[in-house]
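J.:
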Amino acid sequence: MTASPIQIRDFQLADAARVNEISVAAFGLLSHRYTDWSAMRDRIATTSRLAAEMPMFVALYNGTVAGSVALTPPGGPRPDFFDADCAVIRMLVVDPAFHGKGIGSALLDHCIETARRQNYGRIHLHTSTAMEVALPLYLRRGFVYLREAPPVMGLDYSLYELRL
Numbered sequence: 160m161t162a163s164p165i166q167i168r169d170f171q172l173a174d175a176a177r178v179n180e181i182s183v184a185a186f187g188l189l190s191h192r193y194t195d196w197s198a199m200r201d202r203i204a205t206t207s208r209l210a211a212e213m214p215m216f217v218a219l220y221n222g223t224v225a226g227s228v229a230l231t232p233p234g235g236p237r238p239d240f241f242d243a244d245c246a247v248i249r250m251l252v253v254d255p256a257f258h259g260k261g262i263g264s265a266l267l268d269h270c271i272e273t274a275r276r277q278n279y280g281r282i283h284l285h286t287s288t289a290m291e292v293a294l295p296l297y298l299r300r301g302f303v304y305l306r307e308a309p310p311v312m313g314l315d316y317s318l319y320e321l322r323l
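Right under this line is the structure:
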């Protein structure tokens with residue numbers, strides 16, 4: 160049996176620039192959908208800052224950082240529209256050059272497995288129907304629509320929940 164080319168590990172400070180670059184590239188695919196792409200780009204260009212407040216993981220594909228995600232534990236820092244007593248998946252991003260290789264699935268599965276091990280009970284995330292790859296992935300993993308979330312730079316977002 161061949162080993163998977165995907166490895167998930169904890170974020171390291173040396174990953175910061177690459178994580179920020181991937182975030183801009185991933186959200187850049189939807190740049191035409193945001194009312195102020197410049198402001199959105201500036202906001203996500205510092206995605207790695209989340210690692211100072213919560214666990215962050217990176218996906219390596221044949222040794223190259225190809226994606227990342229943060230997992231806020233219950234009670235951890237989060238926007239107000241998330242419930243305080245659940246875990247939150249934040250900023251799951253995959254380098255567009257690595258799309259279709261299972262990176263997003265591996266990162267999502269790692270977060271779900273981590274939350275189960277920690278007995279978190281449930282996980283929230285927010286996403287948009289414009290995210291035509293991410294939303295179906297979340298639904299396949301059992302996330303269900305919970306409620307509307309505030310729009311982000313003109314793009315509608317909704318909150319989804321997975322009960323563990």
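Counted the way our numbering counts, the sequence shown spans residues 160 to 323. We put the CB at the ideal spot given by N, CA and C, even for glycine.
In whole angstroms, what is the alpha-carbon distance linking I165 and M290?
T.: Cα-Cα distance, rounded: 22 Å.
J.: By the three-class DSSP mapping on this structure, what secondary structure does M215 have?
T.: Here DSSP, grouped into helix, strand and coil, assigns M215 to strand.
J.: Beta carbon of F240, beta carbon of A308: below 8 Å?
T.: yes
J.: Please name the residue in P310, M312, Y316 whose C-alpha comes closest to that of Y304.
T.: Of P310, M312, Y316, the residue nearest in Cα terms is Y316.
J.: Report the residue ranges of all beta strand (DSSP E) runs contained in full by the stretch 209-255; include only those spanning at least 3 residues, in chain order.
T.: 215-220, 223-231, 246-253
J.: How long is the line joining the alpha carbons of A175 and V224, rounded to whole angstroms?
T.: 10 Å
J.: For chain C, find out if any of its Cβ atoms is closer than 8 Å to the Cβ of A289; answer yes or no.
T.: Included in the structure is just one protein chain, with no chain C present.
J.: To the nearest angstrom, how far is it from the Cα of A265 to the Cα of A173?
T.: 21 Å
J.: Should S227 go down as buried or exposed, given a rule of 16 or more other Cβ atoms within 10 Å for buried?
T.: buried
J.: Could you tell me the boundaries of the beta strand (DSSP E) in which R299 lies?
T.: For R299, no beta strand (DSSP E) run applies; the uninterrupted alpha helix (DSSP H) run containing it begins and ends at 293-299, by DSSP.
J.: For W196, I'd like the list of residues in its chain whose CB is within less than 7 Å of its CB, leaving aside the five on either flank, ordered along the chain.
T.: S190
J.: Looking only at its own chain, which residues have a Cβ that is under 6 Å from the Cβ of P238, when we skip the five neighbours before and after it?
T.: Counting only Cβ-Cβ distances below 6 Å, and skipping sequence neighbours, we find nothing.
J.: Reducing DSSP to helix, strand and coil, say where A162 ends up.
T.: Coil at A162, not helix or strand.
J.: In its own chain, which residues sit with a C-beta less than 7 Å from the C-beta of I262, not counting the 5 before and 5 after it?
T.: In chain order, I165, A218, Y220, A225, G226, V253 place their CB closer than 7 Å to the CB of I262, counting only its own chain and leaving out the 5 sequence neighbours on each side.
J.: Beta-carbon within less than 7 Å of A184's beta-carbon, same chain only, minus the 5 sequence neighbours each way: which residues are those?
T.: Setting aside the 5 residues that flank it on each side, A184 is surrounded in the same chain by D254, P255, each with a C-beta closer than 7 Å to its C-beta; the list follows chain order.
J.: I'd like the list of long-range same chain contacts for S207, defined as Cβ closer than 6 Å, with 5 residues on each side in sequence excluded.
T.: A175, V178, N179
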